[in-house]
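Numbering (the working numbering), first residue to last: 72 to 180. Ideal Cβ positions, reconstructed from N, Cα and C, are used throughout, including at glycine. Below you'll find the structure, written out as structure tokens, and then a few comments.
Right, here's the structure in full:
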């Protein structure tokens, strides 16, 4: 579930993670090009590049120069609760982002 208050790159990251979690994207599947993803999500190519960087940092995808980005094989020793823990982490991050926005708004008043 994508947070409507999240930054555009965060929504892309969450969408790709959700697709992997739901099995719509399998290990080894190739993601679209930056241009294709930018068109699909209605964002600038730089936004897609930032999302891809986040996904690489999170270990969800890997990229090969000139070949594209691919869904990474999850580690074999991943416990069965890993998706639930990851979802909680993502929810915590989303709540932290929202809290930060509220705090900034309060400081401006």
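Which value, in whole angstroms, describes the spacing of the CA atoms of residue 105 and residue 113? If you number the chain shown from 1, residue 105 lands on position 34. If you number the chain shown from 1, residue 113 lands on position 42. Answer to the nearest angstrom: the Cα atoms are 12 Å apart.
Can you give the beta carbon distance from residue 154 to residue 92, rounded, assuming they're within the 8 Å contact cut? On the chain shown, position 83 is the one that residue 154 refers to. On the chain shown, position 21 is the one that residue 92 refers to. Yes, residue 154 and residue 92 are in contact; Cβ-Cβ is about 6 Å, under 8 Å.
Taking residue 85 as the reference, which of 139, 170, 107, 158 has the closest Cα? Here residue 85 is taken as the residue at index 14 of the chain shown, counted from 1. For residue 85, the nearest C-alpha among the options comes from 158.
Using a Cβ-Cβ cut-off of 7 Å (strictly less than) and excluding sequence neighbours within five positions of residue 169, which residues of its own chain qualify? The sequence position of residue 169 within the chain shown is 98, counting from 1. Cβ within range, chain order: 76.
Consult DSSP for residue 138 and reduce its assignment to one of helix, strand or coil. Against the chain shown, residue 138 aligns to sequence position 67. Correct three-state label for residue 138: coil.
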